[in-house]
Amino acid sequence: MAEHVRDLLTGGPSMRMEVDAGGATVLLRTLPLMVHGASAGAAILIRDVTEVKRRDRALISKDATIREIHHRVKNNLQTVAALLRLQARRTANAEGREALIESVRRVSSIALVHDALSMSVDEQVNLDEVIDRILPIMNDVASVDRPIRINRVGDLGVLDSDRATALIMVITELVQNAIEHAFDPAAQGGSVTIRAERSARWLDVVVHDDGRGLPEGFNLEKSDSLGLQIVRTLVSAELDGSLGMREAPERGTDVVLRVPIGRRGRLMVQ
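For the sequence shown, my numbering begins at -11 and goes up steadily by one.
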């Protein structure tokens, strides 16, 4: 330190360093004192940052623990999905097999959220990344023979982990419902598009299909479909959002979802 002060008095650079000793951490900083452009001395600033460093270490340890928990939850969910998949293969009843396969998809979707959280440092989920990982497998688990094109337009952004799981479940259920019910069995194919638009207060999502449209007399609130029941429950109880279905302007069906984000959400910065 004395040598550095001597260098500082002769025009040397200032210095900043941390010193650990006896369980304490001290931040040292030297600054030149100038009078009329000439060196007149040096100032040494000393600050005890022991508590700050302790909190930093505790925070790092906490973050690592949380990420490890998400990683283990993901692994456990993947094990559950694998067991359900094995059971589905051994089930002769077609309805039971289809129910097990749908459960595999739901569990796998939640596992992907925990996988994203295991790599996140702030408990925020990049919805676009998770959805883009789920969409390619949607056709594989659907109980239809024809391939359906699935794509996403617009950015969903990021959302806190508490609501991200629910929102991803809602979107995947709506896409799966469109794949399995929107198209005529004789059709050669079709497409499902997820359109997202985000503002400072709202996330608006439209799941559009170019299928045969809503059946006559269809009522979303009275539908006994398990998938739609899950969607209604999650939208109202977990997301505090709104949900509606309507005939698309040209062809097919639009499912319209609006979720408030406000202060708890955050726009993704590119």
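Every residue gets a Cβ at the ideal spot worked out from N, C-alpha and C, and that includes glycine.
Integer Cβ distance of residue i from residue j, believed to fall under 8 Å
i: Gly145; j: Arg186; result: 5 Å
i: Ile138; j: Val101; result: Incorrect: roughly 19 Å between the Cβ atoms, too far for contact.
i: Val195; j: Val141; result: With a Cβ gap of about 11 Å, Val195 and Val141 do not count as contacting.
i: Ile159; j: Ile136; result: With a Cβ gap of about 15 Å, Ile159 and Ile136 do not count as contacting.
i: Ala154; j: Leu227; result: 6 Å
i: Ile122; j: Ser106; result: That pair is no contact at about 17 Å.
i: Ser91; j: Leu72; result: 5 Å
Sub-8 Å separation of residue i and residue j beta-carbons
i: Ala104; j: Val118; result: yes
i: Ala76; j: Ile89; result: yes
i: Gly199; j: Gly178; result: yes
i: Ser149; j: Val113; result: yes
i: Asp120; j: Asp143; result: no
DSSP-derived helix/strand/coil call for residue i
i: Arg239; result: coil
i: Pro124; result: helix
i: Gly10; result: coil
i: Val146; result: strand
i: Leu202; result: coil
i: Ala80; result: coil
i: Ala31; result: strand
i: Gln258; result: Only weak support exists for where Gln258 lies, its pLDDT of 34 falling under 50; the coordinates are left without a value.
i: Glu168; result: helix
i: Leu227; result: coil
i: Glu185; result: strand
i: Ala26; result: strand
i: Gly178; result: strand
i: Val247; result: strand
i: Asn64; result: helix
i: Val195; result: strand
i: Arg137; result: strand
i: Val219; result: helix
i: Val163; result: helix
i: Val37; result: coil
Outcome for residue i when other beta-carbon atoms lying within 10 angstroms are tallied against a minimum of 16
i: Asn165; result: buried
i: Phe171; result: buried
i: Thr221; result: exposed
i: Lys210; result: exposed
i: Asp197; result: buried
i: Ile167; result: buried
i: Ala9; result: exposed
i: Val180; result: buried
i: Ala225; result: exposed
i: Glu6; result: exposed
i: Arg93; result: buried
i: Leu162; result: buried
i: Thr241; result: buried
i: Thr67; result: exposed
i: Leu147; result: buried
C-alpha gap between residue i and residue j, whole angstroms
i: Pro248; j: Ala30; result: 55 Å
i: Asn81; j: Leu191; result: 40 Å
i: Arg4; j: Leu15; result: 7 Å
i: Gln176; j: Val223; result: 33 Å
i: Thr13; j: Arg55; result: 28 Å
i: Leu65; j: Ser213; result: 24 Å
i: Pro173; j: Leu202; result: 15 Å
i: Pro20; j: Arg35; result: 18 Å
i: Val23; j: Ala152; result: 59 Å
i: Leu245; j: Pro1; result: 59 Å
i: Val61; j: Arg85; result: 25 Å
i: Lys41; j: His59; result: 27 Å
i: Leu74; j: Arg134; result: 24 Å
i: Thr79; j: Ile218; result: 24 Å
i: Met126; j: Val37; result: 52 Å
i: Arg189; j: Asp44; result: 32 Å
Proximity test, residue i beta-carbon vs the ligand GDP heavy atom, cut-off 7 Å
i: Ala70; result: Of the ligands one can find in the structure shown there are none, so the ligand GDP has no counterpart to examine.
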